[in-house]
Amino acid sequence: MSTVLHFPRRGLRTLTAIQAKLLLREPAALVWLGLPIVLVVVFGNIPAFLTPAADLGGKRVIDVYVPTLAAMVPLFLACTALPMTMASWREKDVLRRLSVSPVPAAGMLAALVAVMAALATAGVAVIVAIGALAFDVSTPGNPGAVLASFVLGAAAVLALGLLIAARARTGPAASAMGVPLMILNFFASGLYFPVAQMPHLLQRVCEFIPFGAVTAAWSGQGQLWQHLLVLAGYTAVAGPLAARTFRWE
Amino acid sequence: MAVIEVEHLHKRYGHVTAVRDVSFQVEQGEIFGILGPNGAGKTTTVECLSGLRQADGGRVSVLGLDPVRQRDELRQVLGVQLQSSGLPDKLRVREALELYASFHRQPADPVELMHRLGLAEKAGARYKKLSGGQQQRLAIALAMIGRPRAVVLDELTTGLDPHARRTTWGLVEQVRDTGVTVLLVTHFMEEAERLCDRVALIDRGEVVAVDTPAGLAARAGQRQRMRFRPSAPLDEELLRALPEVAEVAWHGPVVEISGTGNLVHAVTAQLARAQIIAADLRVEQASLDDAFIALTGHPDTD
Ligand SMILES: Nc1ncnc2c1ncn2[C@@H]1O[C@H](COP(=O)(O)OP(=O)(O)OP(=O)(O)O)[C@@H](O)[C@H]1O
Ligand SMILES: [Mg+2]
Numbered sequence: 162m163s164t165v166l167h168f169p170r171r172g173l174r175t176l177t178a179i180q181a182k183l184l185l186r187e188p189a190a191l192v193w194l195g196l197p198i199v200l201v202v203v204f205g206n207i208p209a210f211l212t213p214a215a216d217l218g219g220k221r222v223i224d225v226y227v228p229t230l231a232a233m234v235p236l237f238l239a240c241t242a243l244p245m246t247m248a249s250w251r252e253k254d255v256l257r258r259l260s261v262s263p264v265p266a267a268g269m270l271a272a273l274v275a276v277m278a279a280l281a282t283a284g285v286a287v288i289v290a291i292g293a294l295a296f297d298v299s300t301p302g303n304p305g306a307v308l309a310s311f312v313l314g315a316a317a318v319l320a321l322g323l324l325i326a327a328r329a330r331t332g333p334a335a336s337a338m339g340v341p342l343m344i345l346n347f348f349a350s351g352l353y354f355p356v357a358q359m360p361h362l363l364q365r366v367c368e369f370i371p372f373g374a375v376t377a378a379w380s381g382q383g384q385l386w387q388h389l390l391v392l393a394g395y396t397a398v399a400g401p402l403a404a405r406t407f408r409w410e
Numbered sequence: 008m009a010v011i012e013v014e015h016l017h018k019r020y021g022h023v024t025a026v027r028d029v030s031f032q033v034e035q036g037e038i039f040g041i042l043g044p045n046g047a048g049k050t051t052t053v054e055c056l057s058g059l060r061q062a063d064g065g066r067v068s069v070l071g072l073d074p075v076r077q078r079d080e081l082r083q084v085l086g087v088q089l090q091s092s093g094l095p096d097k098l099r100v101r102e103a104l105e106l107y108a109s110f111h112r113q114p115a116d117p118v119e120l121m122h123r124l125g126l127a128e129k130a131g132a133r134y135k136k137l138s139g140g141q142q143q144r145l146a147i148a149l150a151m152i153g154r155p156r157a158v159v160l161d162e163l164t165t166g167l168d169p170h171a172r173r174t175t176w177g178l179v180e181q182v183r184d185t186g187v188t189v190l191l192v193t194h195f196m197e198e199a200e201r202l203c204d205r206v207a208l209i210d211r212g213e214v215v216a217v218d219t220p221a222g223l224a225a226r227a228g229q230r231q232r233m234r235f236r237p238s239a240p241l242d243e244e245l246l247r248a249l250p251e252v253a254e255v256a257w258h259g260p261v262v263e264i265s266g267t268g269n270l271v272h273a274v275t276a277q278l279a280r281a282q283i284i285a286a287d288l289r290v291e292q293a294s295l296d297d298a299f300i301a302l303t304g305h306p307d308t309d
């Protein structure tokens, strides 16, 4: 309560703007945002990826990869950019200095999440637009379900990334937790190996990993409400936990 | 009215007692120094009164606020420069000031502050590219950006070259001249002597003495020492006859006299009567340094 009274709203806006600027000054931002976009363009120019394939149920490889590449953007940002930024600030005592200013912990996290969410939205929009306009990729299944699961999925991984960000003491510690989380999500989303070709049990397990649930919702696999619930659950648990356990030093 | 009140502060880290029993009061408008050897508990003390750590015992009040319970209100009126703190490498000076300004209800003007602290031509420079002195000036600027009524500066000049240190001292005096109460942690005696109205000497978590720098030096004893080269042969007995003189020793052509009271005056008057000139005269008064060693029983280990 008092936190809200004593911390001007202007502060949160400036903090968000500065965090966005700093992030874009990192060369790694090119990887987080640029790589998935480059991959869509590259894949879209491989002729074999543009012809329907029988083992994909008549879909083209590009149809399968656009959603997966779109998922890479929030995953890169949530699992690496977010925790590593915060951990390096902690390591360099940037957070210590902020802790004697009027910024509340929740404000710090909120600003960083806002930046990541905005960048993720922008990145995904570009990829989807390229896919739709240049390579004629159409949204699979039910667009409402796709959008809902994608937004909830991004929120879920951001919340998990935030939890790492709240705790990790150093940059390497943050990537030691964030990178496996990212790879797990890539795996569950079928980046390495199509989910449909996995053993049944593994497919079920994948549905409980955020981007596995997103992919399942996307392809109409299993119960939609169950996937959305899983995703919302991650956010509801990890988000507040991050704010509560935030470590300034 | 006291701006900062610390009463019987006690703070442990696990088994280590960092602050055993510290009490002092900082009055409105003064520069109050906390002096002490490494590990004495200086930083822990200021962290407790900045609301960064919760005390295990005792009472702390800053500008009438409880630093832990009223932390958010305190942040608006107390500026803090921590001993270890940083900024993102790629943050520019102007951005840092604008960012911290936005956290306060009535901030100072970042541009004016940059001019006052000699950072104007570095406005667009990244934090990492600043020299140590410039980083410290930025630290002062950030502590001042919220127009605080009091500031805590922990080891402001450690790691600066003598020139930058002197410039920084001037800035601290400027801060005080705008009516802001300053709590300064240091282990440079010279800094305390030059800047502080009063000093608390802390050793092993306890206050050894609170006094003016001159008062502390006086407690270390009235002993003074003078050395000079007499222009003509000097009869030692003339000097020993003076009640102020305790010892006379020769180092080649140089005589060293130690004693108490108005030693310098008594000796020079005696020399004048004997028509001897004291060449290369040097006088050493008991300094805060001596007080430090006398009162803590060991030299500063830094
Ligand atoms: N976070 C911490 N955890 C455990 N022990 C600590 C911590 N911070 C300080 N200490 C210990 O508490 C004691 C007092 O430390 P403090 O930093 O307050 O001393 P200081 O007077 O500021 O020293 P210096 O002149 O070196 O800055 C030391 O023994 C130190 O090792
Ligand atoms: Mg210290």
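So the sequence lines, in the order shown, correspond to chains A and B.
Quick note on numbering: the first sequence equals residues 162 to 410 in my numbering.
Quick note on numbering: the second sequence equals residues 8 to 309 in my numbering.
Note that beta-carbon positions come from the ideal geometry of N, C-alpha and C, so glycine has one too.
Predicted model only: the values in this text are computed from it and were never measured.
Here Ile-11(B) is buried, its C-beta having at least 16 other C-beta atoms within 10 Å.
Going by C-alpha positions, Ala-327(A) is about 16 Å away from Val-276(A). For Leu-184(A), no CB of chain B lies under 7 Å from its own CB, so it is not counted at the interface with that chain. DSSP assignment within the segment 21-57 of chain B yields the following whole beta strand (DSSP E) runs of 3 residues or more, N-terminal first: 23-34, 38-42.
For Leu-176(A), the C-beta contacts it makes with chain B under 7 Å involve Leu-106, in order along the chain. From the beta-carbon of Pro-263(A), the residues of chain B found nearer than 7 Å are Asp-79, Arg-82, Gln-83, Phe-110, His-111. Residue side-chain check: Lys-49(B) places its Cβ nearer than 6 Å to a non-hydrogen atom of ligand 1. Per DSSP, the continuous alpha helix (DSSP H) segment holding Trp-176(B) begins and ends at 169-184.
Note: Thr-188(B) is bridge-paired with Ala-157(B) in the DSSP secondary-structure output. A Cβ of chain A is located within less than 7 Å of the beta carbon of Ser-92(B). Inclusion of Leu-208(B) and Leu-70(B) in the CB contact set at 7 Å is not warranted, their separation being larger than that value. Distance from the C-beta of Ala-25(B) to the nearest heavy atom of ligand 1 is below 6 Å. In the DSSP secondary-structure assignment, His-17(B) is bridged to Gly-64(B). Around Leu-223(B), the same chain offers Val-206, Leu-208, Ala-216, Leu-295, Ala-298 as residues with beta carbons nearer than 7 Å, after the five sequence neighbours per side are excluded. Look at Ile-207(A): its C-beta is not under 7 Å from any C-beta on chain B. A distance of 7 Å or more separates the beta carbons of Val-318(A) and Leu-191(A). Under DSSP, no beta-bridge partner is assigned to Trp-250(A).
Runs of alpha helix (DSSP H) with 4 or more residues, each lying fully within the segment 273-332 of chain A, are found at 304-328, listed in chain order. Segment contact: the segment 53-71 of chain B against the segment 13-22 of chain B, three or more CB-CB distances shorter than 8 Å; contact assigned. Excluding its 5 nearest sequence neighbours in each direction, Glu-243(B) has C-beta neighbours in its own chain below 7 Å: Val-255, listed in chain order. Within the DSSP secondary-structure output, Trp-257(B) pairs in a beta bridge with Val-262(B). Three or more Cβ pairs closer than 8 Å define a contact, and the segment 121-129 of chain B falls short of that threshold against the segment 193-200 of chain B. DSSP places Val-75(B) outside any alpha helix (DSSP H), giving it a letter other than H or E. Taking 7 Å as the cut-off, the Cβ atoms of Ala-279(B) and Phe-235(B) do not count as close.
Counting only Cβ-Cβ distances below 8 Å, Val-255(A) has contacts in chain B at Ser-92, Gly-93, Leu-94, Pro-95, in chain order. In terms of CA proximity to Leu-72(B), Arg-156(B) leads the group Gly-21(B), Arg-247(B), Lys-97(B), Arg-156(B).
Look at Leu-223(B): its C-beta is not under 7 Å from any C-beta on chain A. Contact between Ala-393(A) and Leu-313(A) holds: their C-beta atoms lie close to 6 Å from each other, under 8 Å. For the pair of segments examined, the segment 250-260 of chain A was found to touch the segment 89-102 of chain B: the number of CB pairs separated by less than 8 Å reaches three. Exposed is the label assigned to Met-8(B), since fewer than 16 other Cβ atoms lie within 10 Å of its Cβ. Gly-46(B) has its Cβ nearer than 6 Å to a heavy atom of ligand 1. What Phe-168(A) touches in chain B, judged by beta-carbon distance under 8 Å, is Asp-79, Phe-110, going in chain order. Across the structure, Phe-348(A) and Pro-228(A) are spaced so that their CA atoms are roughly 14 Å apart. The continuous alpha helix (DSSP H) containing Arg-144(B) extends over residues 139-151.
Using a Cβ-Cβ cut-off of 7 Å, Ile-291(A) is close to nothing in chain B; its nearest Cβ partner there is about 30 Å away.
The segment 178-195 of chain A makes contact with the segment 237-248 of chain A, as at least three CB pairs between them are under 8 Å.
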